[in-house]
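The block underneath contains the structure these notes are about, expressed in structure tokens.
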Amino acid sequence: MAEISKEQVKHVANLARLEFDDEAVEQMANELSAIIEYAEQLNELDTENVKPTTHVLDLKNVMRKDEPKKWITQEEALKNAPDQKDGQILVPSILE
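Listed below in structure tokens is the structure:
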């Protein structure tokens, strides 16, 4: 890939609503070009026998099974509520 130009940096900066002076634009163009050049080295790797993956570690789902269990009743849940109405906890209004 060709190097990142100053015009490309200015265009992306404009889209992101960023302002850079000419010195910063030059520096960003050089740094972005170096990043792209480094990333392009990956194209040289032989990946023919490498399985596609979404994560570098072989992670498994470690969550417990979702099993129903006995829970508190509505009355037990409301007994310590400072204010309640129609089986629901009343809280102070935060909207006008």
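Quick note, my numbering runs 496 ahead of the 1-based positions in the sequence shown.
Built from N, CA and C at the ideal position, the CB exists for glycine as well.
Task: Presumed contact (8 Å Cβ cut-off) between residue 522 and residue 502, rounded CB distance - done: Between residue 522 and residue 502 the beta-carbon gap is near 7 Å, inside 8 Å, which marks them as a contact.
Open item on the list: On the CB-based measure, 16 or more other CB atoms within 10 Å of its CB, does residue 585 come out buried or exposed?
Closed with: exposed
Task: Cβ-based neighbour list, residue 525, same chain, cut-off 6 Å, excluding 5 preceding and 5 following - done: 500, 502 and 505
TODO: Kindly indicate the opening and closing residues of the alpha helix (DSSP H) around residue 571.
DONE: 570-574
Open item on the list: I'd like the list of long-range same chain contacts for residue 581, defined as Cβ closer than 7 Å, with 5 residues on each side in sequence excluded.
Closed with: Cβ within range, chain order: n/a, list empty.
Task: Range of the contiguous alpha helix (DSSP H) that encloses residue 559 - done: For residue 559, no alpha helix (DSSP H) run applies, since DSSP gives it neither H nor E.
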